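full-length UniProt numbering puts the sequence shown at residues 1 to 237.
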Amino acid sequence: MIQLFIMAIITAKSVSENVIIVGNLERQRTVNSFLGNLEKVSEFAGYTSYQGEYNNKKVTTVFHGIGIPSISLITDDLISLGARRIIRFGSCNAIKEEIEPGSVVIPQGYSYNFGGTFRQYLNDEYSYSLIPDYDLMLNTVNELESLGIKTFKGRVFTSDALFTHSREFIEKMAKDNHMALELEGAGLYLIAGLKNVKALSVHLAYGNLLNNKKMDASEISEKEKLIAKGILNVLTR
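Right, dumping it as structure tokens:
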């Protein structure tokens, strides 16, 4: 009889129902700065997890690493440990002229490459619609816009290979009506969908690949503080 050994990345015994996941440790520190009674609950192979309180409700923050396999593992772990609402606070590069750096892109759906994680979960039997929880999306859009943050909703492409993004590739993705490119979000929507857990991605557009405009470090820092506050408000309302 074959016994499977499944390694958990998150070593905490449990997490809160409300979770913010990030692919940038500095962004995790930004979110953590708003939490009271903050404590580190897990650290393994660079994946850090913290738990704190906001509006008298528990919130967990987790570093999810880079790429679809990494975020898929983290999402599966979180759901097994009790997460029920997961918001990914990430970044992206816009590929629509009207999306200025500093805007937020919220995927109503992700496009993705066939194979890899998707093939192993779905066995090539069908394609899977990668969509967020509608209420979580609507509440987040309303909250961010109330804070003065320009927000765009639509289709985003999750790439497996950042350095293959030629000008031709970028223009094709834009022509096919994608708003932005990023590296992980499709994995979150896949696992959350299969496990029937509410999930959403919130991407800060660091730059625009069509006109080469981009944010500087100080602009990113200030905007991420505002977005973090908005996400926390939504999760703890």
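Ideal placement from N, C-alpha and C gives every residue a C-beta, glycine not left out. Everything numeric in this text was worked out from a predicted model, so none of it was measured.
With DSSP as the reference, please indicate the residues paired to residue i in a beta bridge.
i: Asn93; result: Leu181, Gly207
i: Thr48; result: Glu43
i: Leu200; result: Ile87
i: Tyr110; result: Val156
i: Phe63; result: Val22
Alpha carbon to alpha carbon, how far is residue j from residue i? Give it in angstroms, no decimals.
i: Glu224; j: Ala205; result: 11 angstroms
i: Asp135; j: Gly52; result: 24 angstroms
i: Leu222; j: Lys153; result: In the sequence as presented, Leu is not what sits at residue 222; that position holds Glu. If I take the Cα positions, the gap works out to 22 angstroms.
i: Met1; j: Ala199; result: Summary for Met1: the model assigns pLDDT 46, below 50, so the residue's position carries little reliability; its value from the coordinates is reported in the next sentence. So the alpha carbons of these two residues sit roughly 36 angstroms apart.
i: Glu97; j: Ile68; result: 27 angstroms
i: Ile106; j: Thr11; result: 30 angstroms
i: Val41; j: Ser16; result: 11 angstroms
i: Asn113; j: Ser49; result: 29 angstroms
i: Leu147; j: Leu226; result: 8 angstroms
Buried or exposed: which applies to residue i, given that a residue is buried once 16 or more other Cβ atoms fall within 10 Å of its Cβ?
i: Ile66; result: exposed
i: Phe163; result: exposed
i: Thr237; result: For clarity, residue 237 is Arg in the given sequence; the question names Thr instead. Looking at its Cβ environment, which holds fewer than 16 other Cβ atoms inside 10 Å, Arg237 is exposed.
i: Asn55; result: exposed
i: Asn177; result: exposed
i: Asp77; result: buried
i: Asp133; result: buried
i: Ser166; result: exposed
Considering only C-alpha positions, which residue in the set the options is nearest to residue i?
i: Met179; options: Ser42, Lys198, Gly109; result: Gly109
i: Gly230; options: Ala12, Leu78, Met173, Ile149; result: Ile149
i: Gly82; options: Lys195, Ala228, Gly207; result: Lys195
i: Ser14; options: Glu125, Tyr128, Ile79, Ile170; result: Ile79
Does residue i come within less than 8 angstroms of chain C when only Cβ atoms are used?
i: Met215; result: Judged by its chain identifiers, the structure shown contains no chain C, having just a single protein chain.
| query | Would you say the segment 137 to 157 touches the segment 51 to 67, given that touching needs at least three Cβ pairs under 8 angstroms? | reply | Counting Cβ pairs under 8 angstroms, fewer than three are found: no touch.
| task | Would you be able to state if there are at least three C-beta pairs under 8 angstroms between the segment 70 to 79 and the segment 214 to 221? | result | With the cut-off at 8 angstroms, the segment 214 to 221 and the segment 70 to 79 do not touch.
| Can we say the segment 103 to 117 touches the segment 175 to 193, given the rule of at least three CB pairs closer than 8 angstroms? | Contact holds: three or more Cβ-Cβ distances are below 8 angstroms.
| field | the segment 18 to 28 touching the segment 89 to 96, judged by at least three CB pairs closer than 8 angstroms | value | Below 8 angstroms, enough C-beta pairs join the segment 18 to 28 and the segment 89 to 96 to call them touching: three or more.
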